[in-house]
Each structure stands twice: as C-alpha cells, then as structure tokens.
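Protein sequence lines correspond, in order, to chains A and B.
For the first sequence, this note's numbering begins at 1059 and goes up steadily by one.
For the second sequence, this note's numbering begins at 10 and goes up steadily by one.
Think of the CB as a built atom: it goes at the ideal place given N, C-alpha and C, for glycine as much as any other residue.
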Amino acid sequence: MKTKQRLTRRQMMQLMTVLGLTGPAALELNAQARKTISPEIVKTAMTLIGQDFDDERIKIITTALQRRLDEMQLLRDLEIDDMIGPATVFMAKGW
Amino acid sequence: MATNELVFKSARELGSLIKSKQVSPVEVVQACLDRVDDLNPKLNTFITIAKDEALQRARQAEKEIRGGKYLGVMHGIPYAPKDIFATKGIRTTNGSKLTADWIPEYESTVTDRLNKAGAILIGKLNLSEFATGSSVLSGFGPVRNPWHTDYSPAGSSSGSGAALAANLVPLSMGTDTGGSIRGPAAANGIVGLKPTYGRVSRYGVTTLSWTLDHAGPMTRTVADNAIMLQVMAGADPKDSSCKPEPVPDYSKALTGNIRGLRIGVPSFYFEGVQPEVEKTVRAAIQTLADMGAIVKEVELPHAMYSGTVQLTVAIAEAAAFHEKRLREKAHLLDPVAREYWETANFIPATDYIKAMRARTLIMQEMADAFTKCDVMAVPANASLPNKIEPPETAKSTIKPGSKSEPIRRGSTALGNVTGLPAIVIPCGFSTTQPMFPITIQFYGKPFDEFTLFRVSHAYESATDWHKRRPPLQT
Chain A
1059 MKTKQRLTRR QMMQLMTVLG LTGPAALELN AQARKTISPE IVKTAMTLIG QDFDDERIKI
1119 ITTALQRRLD EMQLLRDLEI DDMIGPATVF MAKGW
Chain B
10 MATNELVFKS ARELGSLIKS KQVSPVEVVQ ACLDRVDDLN PKLNTFITIA KDEALQRARQ
70 AEKEIRGGKY LGVMHGIPYA PKDIFATKGI RTTNGSKLTA DWIPEYESTV TDRLNKAGAI
130 LIGKLNLSEF ATGSSVLSGF GPVRNPWHTD YSPAGSSSGS GAALAANLVP LSMGTDTGGS
190 IRGPAAANGI VGLKPTYGRV SRYGVTTLSW TLDHAGPMTR TVADNAIMLQ VMAGADPKDS
250 SCKPEPVPDY SKALTGNIRG LRIGVPSFYF EGVQPEVEKT VRAAIQTLAD MGAIVKEVEL
310 PHAMYSGTVQ LTVAIAEAAA FHEKRLREKA HLLDPVAREY WETANFIPAT DYIKAMRART
370 LIMQEMADAF TKCDVMAVPA NASLPNKIEP PETAKSTIKP GSKSEPIRRG STALGNVTGL
430 PAIVIPCGFS TTQPMFPITI QFYGKPFDEF TLFRVSHAYE SATDWHKRRP PLQT
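What follows is the structure, given as structure tokens:
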C-alpha cells in the first residue's frame, strides 16, 4: 500500500511559486499552516539547552516562541546560494 | 519662569553667538538646565542631571574663550547622551535597576571626543532598558512625547528624541540596533542619523548586539547633525569594528544643491503605511524632484527578510551578552527585555547563521540597488506614535488581540542588517489630533553620510517643518 506523503513547507513554497503565488501574500498563507508549540515542548528543549525555568516563565516563553515561529520559518524557507557565507565579524588581525 | 530664547537655537547658531562672545557658555548651559528643571518632571527625559559639573565646565569654557582659546563650533555647547554611553565619574544606568548605581571609571570614545571639542555634558537621558526594554516598565519609567504627553516618544533612545523636541538640549546621541535612533527621531520630529557600521566608535557603549549596534548623533537640524558626526566619526584603536575610513568635511555637503541626485524609491516600504504618512512622504519626494533630483523606483526583493533577520541576530547576541544577568537577576529586568532574551535561548545556532547569511544576501542586493541610485527614500515610520501603554500590556511583546505577523515591515531594520547609513528628518505633520510629526528616511551607500547630509539639508532648507515647536507649557 502506498503511504500518503504530506508536502513539506519548502515544497509548499515552491509549489506556490510555480502557481504564481509569491511575495508576502504567499508567505502569510503558508504561515497559517504553522505547528503548535506547547509548554511540554519547551520543557523538553530546556534539557537540551541546560536551562531551568519555572512554570510561569515557561508559559511566557511558549507564547513568545509560538508567535516567532512564523517568522523563523520564513527565514528557514529562504533559499540561499551555496556561495553566500554569513556576514561574520571574525577578524584574524586587528583585535 | 520665562523660557530663555537661547534654548530654541541650534548648536550652530549658539556656536556663532559664543564665538563672537555675544553669549557665554554659562548662559547657554544655565538656560538648558532651567528648562530641564521646568519640564523634566512632565517628560521624564533625564535620569541624571549633572548640574554642578556642567556649570563648572561652562565657566571653564567661558574663561578659555575670553582668553582667546576657542576650540571650535562645539565649544560651550550643551549636550546630553542616552544613558548607555559610559561617562567617567558620572553614573551610567543603561536605564536599568541592575546598573542603576554604576559609576564608570572610563569614558566612551564619543563622549570623550565631544568633551575634548569643548561640548558640555549636562546630564544623561532615559532609555528603554539596555536599549531593548518596554520603556514603560524599564528601570526609570516611561519618557513622554513632547507633542502630546499621553503618547510614546518611541524607543529605545526615547529620552534623546524627547529632550531635543522639547528644546531641553541642542545635541544628543543615541544607539540604534533596529531603529532606536530613527524611531525616536520620527516620533518626536527631530533629526536622527544612524551612521555606517564602523563609522563611529562604540567603545564605552553598553552592548546590545555586537554586529547590529550603532552610535549616532541626534539633533534638531541637519547642520547640527553634520557638526556632531564630524567630531564623533573616525577610527578608534579601542574599537576594532570602527573603520579607518577618511572622514570628509561634512559642512561641504550643506549646499542646498541636489540637481541630478538619483533617489531610489523601494515600493516594499510603502506597503502597509498609514495613508497620511505615505501621502506626506511622497509629497516630500516630489519636492526633491522639483529641486532637481531624479526619482526612480527600485526593487529590493529580499528587504522583507530584514526585520526577521535583525530580530533573530539581535536577541541571540543580546542573550549571549546578558547571560549572567539573565541567570542571576532576571527578575530585576524589564519584562520585555527578559522575554526577548529568554526566548532567544531556544533559537538554534543554525537559525542565527542562516540570518547572517541572509544579511550577506541583502547587502549584495543593496549594493546592486545603489548602482541605480545615490540615496533611497522611505517613510521612517509606518504610523504615527501610539499612546503610552498601561503596564498590563507593556509587560509583553505579545499584545492582546494581536495576531502573528510573519513579515516585519518596519523600514529601519534594513540599516542595521546591512550596516548602511540612514538619516531621518521631519517632512510634515499629521492633520488629525493630536498632531504629530511625519518623517522621511534616506538610506545611503556605505560611509556616504555626506550625501545623506546633502539631500536632507537641501530638503530642510526648502521647508520649515523642523522649526515647529511642541505645545509645551512651562
């Protein structure tokens, strides 16, 4: 039996581009399908980052992270050419 | 007390009066201090008033000038920096209870340069905590907008914007990580310059974000801004990010002639702007065209990423800088600063690097756009100032009833992400009540503040928006 495969966000973006849906409107449409962050997810992530927050802080962080998710996804979906490196401040000489 | 008319004069005018000995630095400093006494309780702009030190320095300047030792146009002129610039022996709070009693043992490079040029520090100005907090719940409370005191002067250089608009001081300085010089310049109707990254030293300026922070002059006129940058700019061995680029004579930019100057207009930054703001900014661009500038549309396809890139980088770097404070004394921080920085803990390093790669992409796009134009013109703010928030809503970046906005449309982040210079000047007023200034922002090529002064001075000379005064009663 064939398994039904869901489109990834990036594939969704590419499909919308092919269909002529580009720019801010397409991005906002895409954002509507965002995933949900729960306090439990934040608690799990706390283990990874070695931080400890109480329940009140976890609630605040969860809400803020949820709000930021669409923005972050916008950036994650951005295709950047392999030739483009980060704008770094590292200097081997001059410090 | 009747307000001394000296407080309404520009630094350039005051410099001329002082040089010709028509007024003394003591009279000028005293006039500013008197006005601060009258209006600071209403506006909450100053955290520290350095009255004794200022008057002592003014008397010294008076003596020097009488003795024939005139140092130049800044000699005897009062100034007040945002309270994030370290001032030796004078407390520097960063707008935070955490550093409320810090008295630095060193001087920031820019305040040192201003002092050596003869300028006189009269106090330190209020700000959003560590240049990022809510303002309302920051360590020293909210600053009020002189055009209507129920409204916000924007941040984070809130005290600088409001003090200039209220004529408390003729010169100030701010810092700008995402728009913190230009936002208050817009909300208060003054002139704010974010120079090119590397043009002005940040030594002695408390960090928010190493790769996005800029220090710059805030004034009431373009000429004053040029005078101030002349003193502030230039290489500094104490700041490795500060570049040894030549500093031109900015006074030569103040000609009023913009014939043939190419002004690019990127359509993205006019989307979602209040109709009255858009109409006013477009009228200003038309005025420049009437003066001989060539106006053309430019496209910036990746500009829409600027806001997200700026925020991703800013909060990650700020959380790293404030790591110890967050770990040990987070409860004393402004709740908005705390929310931003704690959330930043959950941003993967790969997202930060992606944001830094996007910066390169946007910088390349801007370099390409600047082959087609000399400056770009955009609205400085999409909307007029908001009312000062009540503490219940000011405590979080998530506002009741608001929804997720995947694209941050503000026009200021572009300058921090690319490091390009940008200046904000008044270009009109709202017709609705309360009346607020409307401003235009010009972007320039790297290290080309000269052309920004050229275009903004030409516009200022052809209009009188910068001469209006807020309806403050003393």
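Straight-line gap, residue i to residue j (C-alpha atoms, nearest Å)
i	j	result
alanine 403/B	glutamine 1109/A	26 Å
tryptophan 474/B	tyrosine 468/B	10 Å
leucine 342/B	serine 105/B	7 Å
alanine 292/B	leucine 270/B	17 Å
asparagine 135/B	methionine 1141/A	44 Å
threonine 544/B	leucine 52/B	Outside the displayed span of chain B (10 to 483) sits residue 544/B, for which this structure offers no information.
alanine 70/B	alanine 327/B	40 Å
glycine 188/B	glutamate 1114/A	31 Å
aspartate 16/B	arginine 44/B	Reading off the sequence, residue 16/B comes out as valine, not aspartate. Valine 16/B and arginine 44/B: Cα-Cα distance of roughly 8 Å.
isoleucine 74/B	leucine 180/B	20 Å
aspartate 47/B	threonine 54/B	12 Å
serine 218/B	valine 178/B	28 Å
valine 82/B	alanine 339/B	44 Å
lysine 396/B	tyrosine 160/B	4 Å
tryptophan 156/B	cysteine 436/B	16 Å
N-terminal and C-terminal residue of the alpha helix (DSSP H) that residue i is part of
i	result
methionine 237/B	231-241
tyrosine 88/B	No alpha helix (DSSP H) contains tyrosine 88/B, which is instead part of the beta strand (DSSP E) from 87-90.
glutamate 73/B	60-75
isoleucine 303/B	Looking at the DSSP string, isoleucine 303/B is not in any alpha helix (DSSP H); the run it does join, the beta strand (DSSP E), is 303-307.
glutamine 3/B	No statement about residue 3/B is possible, as the shown extent of chain B runs from 10 to 483 and does not include it.
valine 433/B	It is not in any alpha helix (DSSP H) - valine 433/B instead sits in the beta strand (DSSP E) that spans 431-438.
valine 330/B	It should be pointed out that residue 330/B corresponds to phenylalanine in this sequence rather than to valine. Element bounds for phenylalanine 330/B: 315-330.
isoleucine 27/B	20-28
glycine 424/B	422-427
Simplified DSSP assignment, three categories, for residue i
i	result
serine 169/B	helix
alanine 386/B	strand
alanine 467/B	helix
leucine 134/B	strand
proline 50/B	helix
tyrosine 259/B	helix
lysine 203/B	strand
phenylalanine 94/B	strand
phenylalanine 459/B	helix
isoleucine 407/B	coil
isoleucine 1118/A	helix
valine 38/B	helix
threonine 448/B	strand
arginine 271/B	strand
Limits of the unbroken beta strand (DSSP E) element including residue i
i	result
alanine 180/B	Looking at the sequence provided, one finds leucine at residue 180/B rather than alanine. Leucine 180/B -> beta strand (DSSP E) spans 180-185.
alanine 224/B	223-228
valine 16/B	Per DSSP, valine 16/B belongs to no beta strand (DSSP E) and is neither H nor E.
proline 344/B	Per DSSP, proline 344/B belongs to no beta strand (DSSP E); it is in the alpha helix (DSSP H), 344-353.
Proximity below 8 Å, CB of residue i to CB of residue j
i	j	result
isoleucine 129/B	arginine 1125/A	no
arginine 66/B	alanine 389/B	no
leucine 23/B	isoleucine 131/B	no
leucine 202/B	glycine 225/B	yes
alanine 95/B	serine 117/B	yes
valine 384/B	valine 464/B	yes
isoleucine 56/B	phenylalanine 149/B	yes
alanine 391/B	glycine 410/B	no
Min CB distance residue i to chain D below 8 Å
i	result
threonine 1146/A	In summary, chain D is missing from the structure at hand, where the protein chains are A and B.
Residue i: CB within 7 Å of a non-hydrogen atom of the ligand HEM
i	result
leucine 429/B	Inclusion of the ligand HEM in the displayed structure is not the case, the ligand content being empty and no account of it being possible.
### Query
For the region 301-319 of chain B, which residues have a beta carbon sitting closer than 9 Å to at least one beta carbon of chain A?
Pro310, His311, Met313, Tyr314, Gly316, Thr317, Val318
### Task
Could you run through the region 352-372 of chain B and flag, in chain order, every residue whose CB is less than 8 Å away from some CB of chain A?
Thr352, Asn354, Phe355, Ile356, Asp360, Ile362, Lys363, Ala364, Met365, Arg366, Ala367, Arg368, Thr369, Leu370, Met372
### Query
Name the residues in the region 413-424 of chain B whose C-beta lies less than 9 Å from a C-beta of chain A; which are they?
Ser413, Glu414, Pro415, Ile416, Arg417, Arg418
### Task
With 8 Å as the C-beta to C-beta threshold (strictly closer), list the residues of the region 225-254 of chain B near chain A in chain order.
Ser249, Ser250
### Message
To be precise: take each residue of the region 1115-1134 of chain A, compare its Cβ to all Cβ atoms of chain B, and keep it if any distance is under 9 Å. Which residues remain?
### Response
Arg1115, Ile1118, Ile1119, Thr1121, Ala1122, Leu1123, Gln1124, Arg1125, Arg1126, Leu1127, Asp1128, Glu1129, Met1130, Gln1131, Leu1132, Leu1133, Arg1134
#### Entry: Residues in the region 273-301 of chain B having any Cβ partner in chain A nearer than 7 Å
none
### Task
Below 8 Å between beta carbons is the criterion; list the residues of the region 398-413 of chain B that meet it against any residue of chain A, in chain order.
Ser405, Thr406, Ile407, Ser413
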